[in-house]
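Undergrad: Sequence lines, in order, name chains A and B. FYI, the numbering for the first sequence is 17 to 123, going by my numbering. FYI, the numbering for the second sequence is 2 to 121, going by my numbering. Once you've had a glance at the structure underneath, I'll fire off some questions.
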Amino acid sequence: AIQMTQSPSSLSASVGDRVTITCRASQDITNDLGWYQQKPGKAPKLLVFAASSLESGVPSRFSGSGSGTDFILTIDNLQPEDFATYYCLQDYIYPPTFGQGTKVDIK
Amino acid sequence: EVQLVESGGGLVQPGRSLRLSCTASGFTFADYSMSWFRQAPGKGLEWVGFIRSKVYGGKADYATSVKGRFLISRDDSKSIAYLQMNSLKIEDTAVYYCTRDSRIVGIYFGGQGTLVSVSS
Numbered sequence: 017a018i019q020m021t022q023s024p025s026s027l028s029a030s031v032g033d034r035v036t037i038t039c040r041a042s043q044d045i046t047n048d049l050g051w052y053q054q055k056p057g058k059a060p061k062l063l064v065f066a067a068s069s070l071e072s073g074v075p076s077r078f079s080g081s082g083s084g085t086d087f088i089l090t091i092d093n094l095q096p097e098d099f100a101t102y103y104c105l106q107d108y109i110y111p112p113t114f115g116q117g118t119k120v121d122i123k
Numbered sequence: 002e003v004q005l006v007e008s009g010g011g012l013v014q015p016g017r018s019l020r021l022s023c024t025a026s027g028f029t030f031a032d033y034s035m036s037w038f039r040q041a042p043g044k045g046l047e048w049v050g051f052i053r054s055k056v057y058g059g060k061a062d063y064a065t066s067v068k069g070r071f072l073i074s075r076d077d078s079k080s081i082a083y084l085q086m087n088s089l090k091i092e093d094t095a096v097y098y099c100t101r102d103s104r105i106v107g108i109y110f111g112g113q114g115t116l117v118s119v120s121s
């Protein structure tokens with residue numbers, strides 16, 4: 017199975033900050049990567065698909081980039097509702113595999 | 002709007018069986034592969050298995066941890082995917098989510114999940 021290495025595992029940030037989260041795949045996955053936000057007790061919410069395409073209804077302060085093995089999720093102008101855990105997920109090949117998650121909390 | 006409603010979870014003893022359902026709406030169910038994922042308390046997300054659309058043969062594949070115990074099926078006429086869980090173990094305790102899978106628009110979690118607790 018493809019291994020997804022996500023970093024950092026946690027970070028503290030303030031409202032208005034820019035946050036970047038990275039994900040590295042153990043092999044080339046072209047652009048078959050999604051980014052998800054999860055809040056306690058809720059299902060993961062798709063933010064970005066195909067590495068850089070914003071899901072409908074997701075604020076434009078979220079953006080994704082990368083291809084091949086290295087990917088980045090950027091959150092500009094962090095808002096209070098953005099404090100959550102973020103996951104990358106490769107869907108290049110089954111089994112789809114997640115990164116370990118990045119918990120973003122308030123500094 | 003894509004909606005997926007998981008149901009059928011509950012408390013069950015080790016070794017027993019449970020069937021989960023995923024009722025879909027807002028898209029043409031028959032056109033999509035469907036996956037099941039799970040999340041144990043305080044843990045990350047794990048893929049359980051998926052079933053292809055009939056166009057791609059309708060076959061299911063499973064994670065090693067559940068192969069031989071779990072079965073995924075689908076009823077395209079009702080827009081429902083099922084997860085039959087047999088010989089349940091304590092380590093199967095988790096919230097189970099179904100997803101709509103697309104090579105174009107990614108894997109979509111559209112429901113709230115259903116909690117399965119395996120305990121004696």
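All residues carry an ideal CB built from backbone N, CA and C; glycine is no exception. Small disclaimer: the values here were computed from a predicted structure and weren't measured.
Relative to the C-alpha of M35 (chain B), which candidate in B:S118, B:L84, B:Q113 has its C-alpha closest?
TA: Out of B:S118, B:L84, B:Q113, B:L84 has the C-alpha closest to the C-alpha of M35 (chain B).
Undergrad: Along the stretch 59–88 of chain A, what residues have a CB closer than 9 Å to any CB found in chain B?
TA: Taking 9 Å as the Cβ-Cβ cut-off against chain B, the residues of the stretch 59–88 of chain A that qualify are A59, P60, K61, L62, V64, F65, A66, S69, E71.
Undergrad: Out of B:V119, B:T115, B:I52, point me to the one whose CA is closest to G57 (chain A)'s CA.
TA: It is B:T115 whose Cα lies nearest to the Cα of G57 (chain A).
Undergrad: Go ahead and label P42 (chain B) buried or exposed: buried means 16 or more other beta carbons lie within 10 angstroms of its beta carbon, across all protein chains shown.
TA: So P42 (chain B) counts as exposed.
Undergrad: Going by DSSP, what residue range makes up the beta strand (DSSP E) through R75 (chain B)?
TA: Counting along the chain, the beta strand (DSSP E) containing R75 (chain B) begins and ends at 71–76.
Undergrad: Identify the residues that DSSP records as bridge partners of S34 (chain B): which are they?
TA: According to DSSP, which records beta bridges pairwise, S34 (chain B) is partnered with B:D102.
Undergrad: Which of the residues in the stretch 29–58 of chain A, read from start to end, lie with their CB under 7 Å from any CB of chain B?
TA: Result list: G50.
Undergrad: Quickly, what does DSSP pair A59 (chain A) with across the bridge? List them, please.
TA: None; A59 (chain A) has no bridge partner.
Undergrad: Could you tell me whether any Cβ in chain A is nearer than 8 Å to the Cβ of G112 (chain B)?
TA: Yes, its Cβ sits closer than 8 Å to a Cβ of chain A.
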